[in-house]
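Basically our numbering = 1-based index in the sequence shown + 72. Beta carbons are placed, not taken as given, at the ideal position from N, Cα and C, and that holds for glycine. Please read these numbers as outputs of a predicted model, since none were measured by experiment.
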Amino acid sequence: MDHFNLRNGELYAEDVPMARIAAEVGTPVYIYSRATFERHAAAFRDGLKDCPRVHLAYAIKANPNLAVLRLMANAGYGADVVSGGELERALAAGMPAKDIVFSGVGKTRQELAQGLDRGIGQFNLELEAEGVALSEIAAARGQRAPCVLRVNPDVDAGTHAKISTGKAENKFGVAIADAPAIYARLAALPGLDLRGVASHIGSQLLSVAPMEATYHRIGQLVADLRAAGHAVTRVDLGGGLGVAYRAEDRPVWPDEYGAMVARVTRDWDVELMFEPGRVIAGNAGVLLTKVIWVKPSPANPWVIVDAAMNDLARPALYDAWHDFVAVKPSGERFVANIAGPVCESGDTFAKARDIDLVKEGDLAIFRTAGAYGATMASTYNSRALVPEVMVDGDRYAVVAERISPKTIMDEERVPEWL
Ligand code: LLP
């Protein structure tokens, strides 16, 4: 459920008419609903009510806007970060360092040192050499780095290939069969405080089965590690819960997920950690856009909007579906293609889709754009970096300014020898 609804024939974000935001901030613009974010943060936590010890680390890659991070910190979430830049964001938003988990398959030595400097709560190691490096850096400072070992369970998440991470052929984690030996070697290093294991098999999962299969494998691994004499106190189960992009999508609800987790992990006696991203942010944001032209074509007309693949990359990258809804729907519909102004055929949001009838100058939204939307934006075609707005009841704030092509250009240099 979200707070982007029709009222008297026009779309509102909570109690603010979207047309007002378009008039005052311009388009394209991302609009977030505070109430929706808070609702999702609470729903995910409530879903896990039968798990005794839980740590929630919001995967900030989904939506790292500082206002969003502050909101999540207020809701009691820490952060899952994957770069030095994300780490600084989480801290800047007020997340305590001890609540930050550092994931990522390519953390540099400098980023490992940065994590130690900041005193983060956990490093998720992706390979043995990373653990050896972290131990060296930590031991040289007289520290022991809190960490877990990410394992690759070789489970098919049943999602888009580009966002699957838990198959043996993917770059993430160490093969689960190799994990006991690697764990034993890392546990013996002086600069590591190895506390357990982590896993994350992919994103936009629409079934509990692959997660459950993964957790059973992890449970067996934990038992094996304990039998070998290791004190396993933490297991990080990652993120990955999908959301409904289309009416027919049947996401796994947080309480269904939580019930499965409680059942499978009942005897583990560990602190369970989670890294939800999309399930918190996805439906908490929309991308508001304006129709520039409606262009006739032999097949279906092209609705050319002022948002493009540089603002919302998901359709171009993953053939993703985002519902398109007019801000003031007339009730009439037509079948059209929807595309942005970027000079690539890939800059197409929808083909032959039955949508609200729109004409030049009309406003419309792409729904479910709160996760992996603004954060993946670029300035391709020398377009501005898309701004972001957060709504709270009948007020709103611009939480990220539109960054103009001029500002970007000001950072470029032409050497004097040209
Ligand atoms: N933890 C780890 C280690 C991850 O790699 C990810 C996502 C998450 C947690 C959060 O997953 P979520 O709960 O959001 O599914 N840009 C793509 C999604 C990439 C996901 C990358 N990793 C998209 O737009 O679909």
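Among the options, nearest to residue i - alpha-carbon criterion
| i | options | result |
| --- | --- | --- |
| residue 219 | 244, 249, 234, 188 | 188 |
| residue 340 | 153, 347, 308 | 308 |
| residue 450 | 475, 259, 258, 467 | 475 |
| residue 23 | 346, 119, 151, 81 | Any property of residue 23 remains undetermined from this structure, which presents the chain solely from 73 to 490. |
| residue 431 | 391, 170, 398, 101 | 398 |
| residue 268 | 393, 297, 348, 468 | 297 |
| residue 311 | 77, 152, 478, 462 | 152 |
| residue 92 | 426, 318, 453, 400 | 400 |
| residue 144 | 172, 245, 119, 204 | 172 |
| residue 184 | 275, 212, 167 | 212 |
| residue 277 | 379, 482, 236 | 236 |
| residue 472 | 80, 101, 315 | 101 |
| residue 383 | 403, 419, 117 | 419 |
| residue 252 | 274, 301, 242, 280 | 301 |
| residue 402 | 90, 108, 427, 322 | 427 |
| residue 393 | 425, 414, 366 | 425 |
| residue 121 | 344, 391, 481, 385 | 344 |
| residue 194 | 207, 182, 208, 174 | 174 |
| residue 423 | 396, 435, 444, 315 | 396 |
| residue 133 | 479, 444, 481, 482 | 444 |
| residue 146 | 429, 328, 109 | 109 |
| residue 287 | 114, 327, 338 | 338 |
| residue 518 | 324, 124, 385, 77 | Outside the shown range of the chain, which is 73 to 490, sits residue 518, and nothing can be said about it. |
Residue i burial status per 10 Å Cβ neighbour count (16 or more: buried)
| i | result |
| --- | --- |
| residue 196 | buried |
| residue 447 | buried |
| residue 362 | buried |
| residue 180 | exposed |
| residue 387 | buried |
| residue 233 | exposed |
| residue 161 | buried |
| residue 368 | exposed |
| residue 490 | exposed |
| residue 229 | buried |
| residue 119 | buried |
| residue 293 | buried |
| residue 240 | exposed |
| residue 159 | buried |
| residue 80 | exposed |
| residue 86 | buried |
| residue 90 | buried |
Proximity below 8 Å, CB of residue i to CB of residue j
| i | j | result |
| --- | --- | --- |
| residue 421 | residue 412 | yes |
| residue 248 | residue 282 | no |
| residue 464 | residue 106 | yes |
| residue 348 | residue 131 | yes |
| residue 169 | residue 149 | no |
| residue 139 | residue 462 | yes |
| residue 333 | residue 438 | no |
| residue 201 | residue 210 | no |
| residue 442 | residue 135 | yes |
| residue 97 | residue 377 | no |
| residue 375 | residue 410 | yes |
| residue 245 | residue 215 | no |
| residue 342 | residue 289 | no |
| residue 456 | residue 487 | no |
| residue 440 | residue 317 | yes |
| residue 255 | residue 199 | no |
| residue 142 | residue 157 | no |
| residue 74 | residue 453 | no |
| residue 41 | residue 204 | Any answer about residue 41 is impossible in this case: the structure gives the chain only from 73 up to 490. |
| residue 389 | residue 350 | no |
| residue 104 | residue 460 | yes |
| residue 155 | residue 176 | yes |
| residue 238 | residue 191 | no |
| residue 360 | residue 99 | yes |
* **alpha helix (DSSP H) runs contained entirely in the region 165-202, provided each spans 4 or more residues** => The qualifying runs are 181-190.
* For ligand 1, enumerate in chain order all residues having a CB closer than 5 Å to any of its heavy atoms. => Here the residues close to ligand 1, judged by CB distance below 5 Å to any of its heavy atoms, are 131, 134, 175, 235, 272, 275, 310, 311, 312, 347, 348, 349, 350, 386, 444 in chain order.
* Could I get the ranges of all uninterrupted beta strand (DSSP E) runs contained in the region 91-176, with 3 residues as the minimum, in chain order? => For the region 91-176, the full-length beta strand (DSSP E) segments reaching 3 residues or more read 101-105, 126-131, 150-153, 172-174 along the chain.
* What beta strand (DSSP E) runs, 3 residues minimum, are completely inside the region 282-367? -> If only uninterrupted beta strand (DSSP E) runs of at least 3 residues are considered, those enclosed by the region 282-367 are 306-308, 343-346, 357-367.
* Where in the region 370-416 do unbroken runs of the alpha helix (DSSP H), each at least 4 residues long, occur, reported from the N-terminal end onward? -> You should have 386-390.
* To do: For the region 441-477, list the beta strand (DSSP E) runs that are entirely contained and at least 3 residues long, ordered along the chain.
  => Scanning the region 441-477 for uninterrupted beta strand (DSSP E) segments of 3 residues or longer gives 460-464, 467-472, listed from N- to C-terminal end.
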